[in-house]
Structure formats: structure tokens, C-alpha cells
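For reference, the structure is listed below as C-alpha cells.
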Amino acid sequence: MIQRGTAGAGTERDANLQRAVNEIRFTVNKIKPDHQWYPEIQIDYAKVLYLTDKKNEAFAVLNRLIGSHPTYSLPYTAMAYYLKREKHLDQAITTLKQAPSLLLNESAELNYFLGWYLMEAGKPENAVPYAQKAYALNYPAPALRQRLAAKGHSW
164 MIQRGTAGAG TERDANLQRA VNEIRFTVNK IKPDHQWYPE IQIDYAKVLY LTDKKNEAFA
224 VLNRLIGSHP TYSLPYTAMA YYLKREKHLD QAITTLKQAP SLLLNESAEL NYFLGWYLME
284 AGKPENAVPY AQKAYALNYP APALRQRLAA KGHSW
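With our numbering applied, the sequence shown covers 164 to 318.
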């Protein structure tokens with residue numbers, strides 16, 4: 164749905180995205196919060212809302228999802244990603260740090276993005292522990308390790 168929605172340009176893209184919003188909204192209104200796909204559907208919904216410039220609604224969806232599924236990592240990383248895109252890097256970092264310690268101990272992705280955003284904020288020394296954790300949890304992308312090493316922070 165979303166891939167189809169982002170296809171095209173101009174008014175065609177806008178129409179495709181609006182169709183994606185409507186299709187996902189139908190599912191959002193039907194799916195129960197305890198359904199295993201609920202978080203993924205909400206993440207997709209937030210994405211199409213964001214892409215259709217309904218950013219406040221997208222952030223509200225993600226905030227509700229963090230509240231209803233606090234031990235699920237994707238709402239934290241999605242929220243942080245969109246905050247960063249809006250040039251709110253400090254808020255993105257705060258969002259990731261608010262994840263429960265269970266997630267910080269188990270989510271390679273959450274640790275990777277926290278390390279990356281700290282590095283971008285000019286705090287590479289603070290990024291290292293999160294990068295180490297991400298790679299200990301087998302995060303596959305080497306870019307953070309390489310960028311930190313280039314700044315003199317290797318392990």
C-alpha cells in the first residue's frame with residue numbers, strides 16, 4: 164500500500180498517498196490493540212499520515228502506540244526518525260532514551276539509532292556504548308562503527 168502510495172509524482176503521488184491513508188485507516192479502525200499486527204498497522208498509518216503532511220496526527224498515533232505497547236521498539240525508532248526529520252534531534256534522542264531498559268538491552272536497532280543520533284548531535288563519546296550494544300546484538304550496518312572510528316572512537 165505505502166509503496167504504491169509513494170509512486171508517481173505531483174498530484175498522482177498525492178492521490179496514491181491519500182488512497183493509502185484511506186485503506187490503512189479502514190484497517191486501523193477494525194484491528195484490536197491486542198492483535199499481533201496492531202503495532203505494524205499503526206506504524207504504517209503514522210507513516211502515511213506523515214507523508215501526507217498530517218504530521219501532528221502521525222506523532223499522535225506514535226505516542227498512543229508507545230503508551231499502549233511500551234515494550235515494542237518500532238514506535239520509539241519511528242518517532243525518533245520523524246522528529247529528526249523535523250530537525251528536533253534532541254527530542255529524537257530523548258524519545259529513544261525513554262524506551263524501557265528491556266528494549267535498550269534487546270533492540271539492536273534502537274541502540275544503533277541512539278548511537279547515530281548522539282554522534283550527529285556532536286556527542287560521539289556518548290554514542291559509543293550504544294553502538295557497542297547495537298553491534299553486540301548483531302546490527303548489520305557498519306556505518307556507525309566506521310563513522311565513530313573516523314572520529315577517534317573505536318573499540
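Here a beta-carbon is modelled for each residue, glycine too, at the ideal position from N, C-alpha and C. No experiment lies behind these values; they were computed from the predicted model shown.
- In this structure, the CA atom of residue 226 is about 8 Å from the CA atom of residue 242.
- In this structure residue 296 is buried. Its beta-carbon is surrounded by 16 or more other beta-carbon atoms within 10 angstroms.
- Ranked by Cα distance from residue 299, the options 270, 176, 312 and 314 are led by 270.
- Shortest Cα-Cα distance from residue 316 to any of 210, 209, 291 and 301 involves 291.
- Sequence-distant partners of residue 251 (beyond 5 residues in either direction) whose C-beta falls short of 8 Å from its own C-beta are missing from its chain.
- Counting C-beta atoms within 10 angstroms of its own C-beta, residue 234 has fewer than 16 neighbours from the protein chains shown and is therefore classed as exposed.
- Beyond the five residues adjoining it in sequence on each side, residue 198 comes within less than 6 Å, by CB distance, of no other residue in the same chain.
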